[in-house]
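Following: one structure in structure tokens, then a few remarks.
Here is the structure:
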């Protein structure tokens, strides 16, 4: 699997920003079929950092309603990547 297929997008929220500052943990939305080893390799190659640990969570899609019609968003996978000391990723570089 290509590294650009493994990592879909970074998750930049208030909670993930606080985790990044306090614990050096960054969050990504990843491919549902990707495993921890593929995620670790993709992050290391893409951002040129050293990864300490990877935790994954399968997120269930939410039920949504438009008028009287109901639908369901897709299920997706989230990865919490812990970086080694001294490694840093800045998504908003100037």
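Residue numbers (this note's numbering): 675 to 768.
The C-beta atom is built at its ideal place from N, Cα and C for all residues, glycine as well.
Given a cut-off of 8 angstroms on the beta-carbon distance, is the pair residue i and residue j in contact?
i           : j           : result
residue 705 : residue 725 : no
residue 701 : residue 734 : no
residue 720 : residue 703 : no
residue 761 : residue 723 : yes
residue 710 : residue 730 : yes
Please report the residue range of the beta strand (DSSP E) in which residue i lies.
i           : result
residue 746 : 743 to 746
residue 703 : 699 to 704
residue 755 : 750 to 757
residue 740 : 737 to 740
Put residue i into one of helix, strand or coil per three-state DSSP.
i           : result
residue 768 : Only weak support exists for where residue 768 lies, its pLDDT of 47 falling under 50; the value from the coordinates is given anyway. Coil at residue 768, not helix or strand.
residue 722 : coil
residue 691 : helix
Please go through the same chain and pick out, in chain order, the residues whose beta-carbon is closer than 8 angstroms to the beta-carbon of residue i, but skip the five residues on each side of it.
i           : result
residue 749 : 706, 732, 733, 734, 735
To which residues of the same chain is residue i closer than 6 angstroms at the C-beta, ignoring the five residues directly before and after it?
i           : result
residue 716 : 677, 680, 681
residue 714 : 725, 728
Counting along the chain, where does the alpha helix (DSSP H) carrying residue i start and finish?
i           : result
residue 680 : 677 to 680
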